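These notes are about the structure you will find just below.
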Amino acid sequence: MKNNMNVLMTGVCGFVGSNMAQELLNRKYVVTGVDNLSQGESRNIQALSKYSSFSFVKGDVRDADLIHRLGHGTDIIVHLAAFKIPRYGHALDTLRINTQGTENVLESARKNKCRVVFSSTSDVYGKNPQLPFSEESSLVLGPTHVKRWSYAVSKIYDEHLCFGYYEEHGVPVTIVRYFGGYGPHQNLTWWGGPQSVFIDKVLKKEKIPIHGDGKQTRSFTYISDLVEGTICAMESACAVGQVYNVGNGREIQIVDLAKMIWKKIRPHEEPLIEHISYESFSGKYEDVMRRVPDLTKATLELGFKASVELEEGLPLTIEWQKQFV
526 MKNNMNVLMT GVCGFVGSNM AQELLNRKYV VTGVDNLSQG ESRNIQALSK YSSFSFVKGD
586 VRDADLIHRL GHGTDIIVHL AAFKIPRYGH ALDTLRINTQ GTENVLESAR KNKCRVVFSS
646 TSDVYGKNPQ LPFSEESSLV LGPTHVKRWS YAVSKIYDEH LCFGYYEEHG VPVTIVRYFG
706 GYGPHQNLTW WGGPQSVFID KVLKKEKIPI HGDGKQTRSF TYISDLVEGT ICAMESACAV
766 GQVYNVGNGR EIQIVDLAKM IWKKIRPHEE PLIEHISYES FSGKYEDVMR RVPDLTKATL
826 ELGFKASVEL EEGLPLTIEW QKQFV
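In this text, residue positions in the sequence shown follow the working numbering: the first is 526, and each later residue adds one.
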């Protein structure tokens, strides 16, 4: 694949988008980024203005005419724009933004005859107790009156849309399912993940809020690895029509993550931890107790392997986040 191809990226001011745009520009791609700045930050792309091969359009992925127009002359659309888990509400926004936006992207790709790389999420595996999760694992969700599942539902529907457009219209699609991304430009709220909030609290010497007993586990992937896995999928011809887990296979309990972050920032002090009951959320909330990827497919077919461990990635993230305290 030529590295001077034209890429249209939705959600370019977000965490993954801004970091991936930087890397693509470094590799001589031409990047047009679109974002409505509802969750992304314009500061995330300030450094990209020096590239003549980068342009930014403020706009909404739900604007079908805009996405179609921007798709003209594009080789690949990297669709990252999404509304995250509605922990405290906004389930309807989650459903509408994610599904309408994805269909607009796929329609643009159909009309403009370009490829799509769609960013999905490990949340689609839901409550499946059989770990680690492979791309063939069943997707097991909770009841519909629990709004946190609306995010997973929207992404599952989006994945079906991708394969529908692939089958019916020949749109070449690739799906990447992200596991626990963190690093510079991460969202500083719960949308960015527990590490964002934990770092903020420790820098302020406040109690770290842990939901439940903290024994739920996650795997965390440094942003450079997420970007590399996505680009591997984007540049691989064999990735068309496929789904890939992109992440780090290391599993850690949330309470241990909190203690690790505290130790890296305040090594000589005892951690301050506050346990928050799930009943305190607006409406019933269900957590996923374990989430670990099987990365065999991405390793064998794409040559992807995460290279940054928490001990290296967390200090880099903490140093970046200090500027916002």
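Glycine included, C-beta positions come from ideal geometry on N, C-alpha and C.
Since this is a predicted model, take the numbers as computed values, not measurements.
Check                                                                                                                                                                    : Outcome
If L727 and I735 are in contact, beta carbons under 8 Å, what's the gap, nearest whole angstrom?                                                                         : The displayed chain sequence assigns Val, not Leu, to residue 727. Contact doesn't hold; Cβ gap of about 13 Å is too wide.
Pick from C538, M530 and G695: whose alpha carbon is nearest that of V765?                                                                                               : G695
Suppose you measure from the CA of A606 to the CA of F723; what does that come to, to the nearest Å?                                                                     : 25 Å
Thinking C-alpha only, which one of D812, T535, M759 and L751 is nearest F608?                                                                                           : T535
Report the residue from R816, V537, E826 and D585 whose alpha carbon sits nearest the alpha carbon of N773.                                                              : R816
Excluding the 5 residues flanking I592 on each side, which residues of the same chain have their C-beta closer than 7 Å to its C-beta?                                   : V586, N629, V630 and S633
Our contact map puts G718 next to G705 with C-beta atoms below 8 Å; I'd like the distance itself, whole angstroms only.                                                  : 6 Å
For P709, I'd like the list of residues in its chain whose CB is within less than 6 Å of its CB, leaving aside the five on either flank, ordered along the chain.        : W845
With a CB to CB cut of under 8 Å and the five nearest residues on each side skipped, what residues in its chain are close to M530?                                       : Y554, V555, D600 and I601
Which stretch, first to last residue, makes up the beta strand (DSSP E) that contains K583?                                                                              : F579 to K583
Quick one: residues in its chain with C-beta nearer than 7 Å to the C-beta of Q655, no 5 flanking neighbours on either side, listed in chain order?                      : S662
Would you identify the three-state DSSP class for I592, choosing helix, strand or coil?                                                                                  : helix
Excluding the 5 residues preceding and the 5 following N712 in the sequence, name in chain order all residues of the same chain whose CB lies nearer than 7 Å to its CB. : F540, Q564 and S721
Buried or exposed, going by whether 16 or more other CB atoms sit within 10 Å of the CB of H604?                                                                         : buried
May I ask you to report which of helix, strand or coil DSSP gives F643?                                                                                                  : strand
Using 8 Å as the Cβ pair cut-off and three pairs as the minimum, do the stretch 823 to 837 and the stretch 742 to 757 touch?                                             : yes
Comparing C-alpha positions only, which one of N637, K847 and C538 sits nearest to N569?                                                                                 : C538
For T557, count neighbouring Cβ atoms within 10 angstroms of its own Cβ and tell me buried if that reaches 16, exposed if not.                                           : buried
Near R775, which residues of its chain fall below 8 Å by C-beta distance, leaving aside the five closest residues on each side in sequence?                              : S744, F745, E834 and L835
Sorted by chain position, which residues of the same chain lie with C-beta nearer than 8 Å to G598's C-beta, five sequence neighbours on each side aside?                : N531 and N637
Quick one: which unbroken beta strand (DSSP E) runs of 3-plus residues sit fully inside the stretch 760 to 831? Chain order, please.                                     : 767 to 771 and 798 to 801
Span of the alpha helix (DSSP H) holding T842?                                                                                                                           : L835 to Q846
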